[in-house]
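Numbering (the numbering used here), first residue to last: 1 to 422.
First comes the structure, then the notes that go with it.
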Amino acid sequence: MLRILRGVGWALLVLAVLVWTLSRFWPLPPAQREQVRWLEDVRPLPGKDGFALLWTLPFDGLDRAQREAALAEDVRHWQVDPAPDRTDSVLAATHPEVKVDSQGYCRSTGESCLAKVRADTAQFRAAHAGHEGLHERLDALADADRFDTPFLPSGSPGIYPWPRYQTLMDASGVHALAFVRGDVPAALAGSCRSVQVGRRLMRGGNALIDSMIGAAMVRANVYLLAEMLAELPPGQVLPAACESALQPMEAAEQSLCRAMQGEFAMSRAAIDASLQQTGAVLMLDREHTLGRFALNLGWACDPAATRLLVADQPVATGSVRSRDFSCLSNRVGCVLSDIAAPTYRSYAARSQDVAALLRLLGAQRWLRQQADAPEQALQRLPAQWRSSTRTPVLSADGRHLQVPRREADMLDGSEPVLSVPL
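This is the structure in structure tokens:
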């Protein structure tokens, strides 16, 4: 009897090893292979790189060469010790850092920034005291075409240092303050330059957070511009900086492909780091885990997504649907990919809403210059300020122009419409 039980035990062990082996070598579906290929096909963007300035943004008194040298030293430190919590530059030990007050800038949710400044102008003025150098650097960021981080996640736990993104929002408050003080040209030009920075960051960053921070910058400054223009004469001439900044967004600017490629690179680095741990290889398979992460991220690089962005149609985000046979030897990878799946659902809609908000601002400017009633004028709104799925309409009280908001996860309590005042 003991011999029979021992034989059954060995048979079960052999069966388990066989099943594990078959699961480990189970072929990756062609669709996943294609999405992995899309996500690994990272193509460099042309133009001026502004990452050194972005990285050293809080520090005064440095020229371009000094900023690039400081970044290079920070990268060397990172390569020696890629700690996930490393955020400070070597400059922090030798240069004072400009501190940004979160009460001193405009929000990206559409609340009235001008009303906020007028309610406590002294507080806003104090929040920006000593920030002149920072504001000059924020303006200079608009001349950058891309922001390529040299903190590549290869060999690291998958998380690399971020710039002090909060600093980017400081400019919106000083633009609002300039308008309240009566310096209209500076307020308009500065807001348009900040919109330009946000647009460049959306398109030219390396990670999803770059795109989201860029989108927040665009929203905050477009809402502010809409407020300011509503208080100015309809024929107000805009500064030259607004010419390109307020043009409708192309599909490439709304696309999250480059951002998702960055997310994929971080996931790949995290997987590689995990595989260095003893025994991890038994429950974590690199190829299949990357394939499952590609299902979560690859939709952004699908050529079909570009066509939907052009048409302002909702972009269907992909995600892993169920466990498959490969999960028997990849339990850790399957759990990780399942956890990450819901995270990305609202981001595509968010970038499309930014494009819709820019069109809405253009529609506001055009509509206010028409001689007839808004209801009649809207019927001949130029095509560049509307889409086939979202045409601006008047609010119930006739005081605002609005289109439906596409992002569903409005955790900040925002209204289900994008709205600008007339």
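Glycine residues also receive a C-beta, built at the ideal position from the N, C-alpha and C atoms.
Which of the three DSSP states is assigned to residue i in this structure?
{"i": "Met410", "result": "Because the pLDDT of Met410 is 49, which lies under 50, any placement of that residue in the model is unreliable, and the number read from its coordinates should be weighed accordingly. Note: Met410 maps to coil in three-state DSSP."}
{"i": "Asp139", "result": "helix"}
{"i": "Val420", "result": "strand"}
{"i": "Asp41", "result": "coil"}
{"i": "Arg199", "result": "helix"}
{"i": "Arg386", "result": "coil"}
{"i": "Asp312", "result": "coil"}
{"i": "Arg146", "result": "strand"}
{"i": "Asp81", "result": "coil"}
{"i": "Val222", "result": "helix"}
{"i": "Ser172", "result": "helix"}
{"i": "Ser112", "result": "coil"}
{"i": "Glu375", "result": "helix"}
{"i": "Leu275", "result": "coil"}
{"i": "Gln103", "result": "helix"}
{"i": "Glu132", "result": "helix"}
{"i": "Gln254", "result": "helix"}
{"i": "Gly235", "result": "coil"}
Would you kindly check if the distance between the Cβ of residue j and the Cβ of residue i is under 8 Å?
{"i": "Asp74", "j": "Val90", "result": "yes"}
{"i": "Ala52", "j": "Glu68", "result": "yes"}
{"i": "Ala92", "j": "Met249", "result": "no"}
{"i": "Ser191", "j": "Leu225", "result": "yes"}
{"i": "Leu168", "j": "Leu138", "result": "yes"}
{"i": "Arg118", "j": "Gly47", "result": "no"}
{"i": "Leu188", "j": "Gly362", "result": "no"}
{"i": "Gln402", "j": "Val393", "result": "yes"}
{"i": "Leu284", "j": "Leu275", "result": "yes"}
{"i": "Trp38", "j": "Asp272", "result": "no"}
{"i": "Ala216", "j": "Ser108", "result": "yes"}
{"i": "Ala259", "j": "Asp210", "result": "yes"}
{"i": "Pro185", "j": "Pro96", "result": "no"}
Kindly identify the DSSP beta-bridge partner or partners of residue i.
{"i": "Val393", "result": "Gln402"}
{"i": "Glu68", "result": "DSSP lists no partner for Glu68."}
{"i": "Arg425", "result": "Coverage of the chain is limited to positions 1 through 422, which leaves residue 425 absent and any answer about it impossible."}
{"i": "Phe59", "result": "Glu97"}
{"i": "Arg164", "result": "Partner(s): none; Arg164 has no beta bridge."}
{"i": "Asp302", "result": "DSSP, once it has assigned bridges, lists no residue as partnering Asp302."}
{"i": "Asp49", "result": "Arg146"}
Report the residue from the options whose alpha carbon sits nearest the alpha carbon of residue i.
{"i": "Ser388", "options": "Val310, Thr317, Arg380", "result": "Val310"}
{"i": "Leu256", "options": "Asp63, Tyr105, Ala349, Ala129", "result": "Ala349"}
{"i": "Ala72", "options": "Phe59, Trp55, Asp60, Gly61", "result": "Trp55"}
{"i": "Asn212", "options": "Asn221, Met202, Ala220, Asn206", "result": "Residue 212 is actually Met in this sequence, not Asn. When only C-alpha atoms are compared, the closest one is Met202."}
{"i": "Asp353", "options": "Cys327, Ser419, Leu57, Val36", "result": "Ser419"}
{"i": "Trp366", "options": "Val237, Ala241, Glu263, Asn206", "result": "Val237"}
{"i": "Val417", "options": "Leu152, Pro382, Ser351, Gly110", "result": "Gly110"}
{"i": "Pro382", "options": "Asp312, Gln103, Arg359", "result": "Arg359"}
{"i": "Glu132", "options": "Arg219, His288, Arg193, Gly61", "result": "Gly61"}
{"i": "Pro34", "options": "Asp210, Asp170, Ala300, Ala140", "result": "The question names Pro, yet the displayed sequence has Glu at residue 34. With distances taken between Cα atoms, Glu34 lies closest to Ala300."}
Could you check the C-alpha separation between residue i and residue j for me, to the nearest Å?
{"i": "Arg200", "j": "Gln32", "result": "30 Å"}
{"i": "Ala377", "j": "Gln364", "result": "11 Å"}
{"i": "Met410", "j": "Gly398", "result": "For Met410, the pLDDT reaches just 49, beneath the cut-off of 50, and the residue's location in the model is therefore unreliable, although a value from the coordinates is still provided. If you take the alpha carbons of Met410 and Gly398, they lie about 25 Å apart."}
{"i": "Arg406", "j": "Pro163", "result": "29 Å"}
{"i": "Ala270", "j": "Trp78", "result": "16 Å"}
{"i": "Pro314", "j": "Thr94", "result": "49 Å"}
{"i": "Arg368", "j": "Glu227", "result": "13 Å"}
{"i": "Pro421", "j": "Arg125", "result": "26 Å"}
{"i": "His135", "j": "Val174", "result": "8 Å"}
{"i": "Thr306", "j": "Glu253", "result": "10 Å"}
{"i": "Val335", "j": "Leu290", "result": "13 Å"}
{"i": "Leu114", "j": "Val180", "result": "7 Å"}
{"i": "Gly214", "j": "Val197", "result": "7 Å"}
{"i": "Tyr105", "j": "Gly235", "result": "28 Å"}
{"i": "Asp148", "j": "Ala207", "result": "10 Å"}
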